[in-house]
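Visitor: Can you read through this structure? Questions will come right after.
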Amino acid sequence: MVKDPVLFHAIHLDMPVDAVYRRLGYRKALTRVSREQRREVEVALQDAARFIELKGSALILPVEVRHGDTVVLGTGEAFRSAGLARMLSGSHKVLVMGATAGGRIIEEIRKVSEKGNLSRAVVLDAAASEMTDRALDWISAYIGRQVRREGLAITSRRFSAGYGDFELENQRIMYERLRLGEIGVEITDSCILIPEKSVTAVAGIRAGNP
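The numbering of the sequence shown is the numbering used here, which starts it at 705 and goes up by one.
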């Protein structure tokens, strides 16, 4: 019997300022940033922190069969990806997880873009992307502490739908199993998650070190 996912209705994380700057293309000692530019970015990041509402979901599923380009889960469902199958070599369970930055930040990005303030929109977009990625890191670490009691570890590498040969259509399985609708995420007929800055990922769970 498959367990229910663990739903996180509020994930509180600090803004990863340095990571946002890197995403924006800034490089320490190489990129010159004026005091005015830095102030604009800092204000945008402070605002982004107010608009971003991180939520997530996590579920551990057994792996029954793993061969070629197919990973069959204990539910009978299958992920199609040779890259994922290789990554899961030695893993008898998987951690399926999802995270979202929420709809408010996406609405703010849309508003400022329509007003022509593209520089602010770019910063807000970068902040939302980094925070969503960090939410997945947080979920992985949270579940990692639990499975460590069993002598298990979560792989440091993870696959997201749309990466490599892990097609977006695989996302529907994750969406349904993670019950992402309960944290305000929808999925389109083409398996795109709404709102933007909503992501899913799969990591392996194996004995020993990740």
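Even glycine gets a Cβ: it sits at the ideal position worked out from N, Cα and C. Please read these numbers as outputs of a predicted model, since none were measured by experiment.
1. Check each candidate in Gly868, Glu757, Lys815 and name the one with the smallest Cα separation from Gly888.
2. Beta-carbon separation of Ser702 and Val903 under 7 Å?
3. According to DSSP, Ala805 sits in a beta bridge with which residue or residues?
4. Would you tell me roughly how many angstroms separate the C-alpha atoms of Ala748 and Leu828, rounded to the nearest one?
5. Please confirm whether Pro899 and Gly807 have their CB atoms less than 7 Å apart.
6. Quick check on Ala857: does DSSP put it in helix, strand or coil?
7. Specify the secondary structure class of Leu840 as computed by DSSP and reduced to three states.
8. Would you decide whether Lys815 is buried or exposed? Buried here means 16 or more other CB atoms lie within 10 Å of its CB.
9. Would you mind stating whether Leu840 and Ala803 have Cβ atoms separated by less than 7 Å?
10. Could you tell me which residues DSSP puts in a beta bridge with Ile974?
11. Pick from Ala786, Gly760, Met719, Val776: whose alpha carbon is nearest that of Lys797?
12. Closer than 6 Å to a non-hydrogen atom of the ligand NAP - does that hold for the CB of Gly780?
13. Let me know the secondary structure DSSP gives Ser833 once reduced to three states.
14. With Ala911 and Gly855 assumed to form a contact (beta carbons below 8 Å), what rounded beta-carbon distance in angstroms separates them?
15. In angstroms with no decimal places, state the Cα-to-Cα distance between Met719 and Ile810.
16. So, with DSSP's three-state summary, where would you put Lys707?
17. How far does the beta strand (DSSP E) with Ala905 in it reach, from first residue to last?
18. If we count the other Cβ atoms within 10 Å of its Cβ and call it buried at 16 or more, is Asp837 buried or exposed?
19. Provide the residue(s) that pair with Lys759 in DSSP beta bridges, ordered along the chain.
Guide: So, from the data block:
1. Glu757
2. Given that the chain is displayed from residue 705 to residue 914, the structure contains no residue 702 and the question cannot be resolved.
3. Its beta-bridge partners do not exist; DSSP assigns none.
4. 6 Å
5. yes
6. strand
7. helix
8. exposed
9. yes
10. The question about residue 974 has no answer, for the chain in this structure spans 705 to 914.
11. Val776
12. This structure lacks the ligand NAP; in fact it carries no ligand of any kind.
13. helix
14. 6 Å
15. 17 Å
16. coil
17. 902–911
18. buried
19. Thr804
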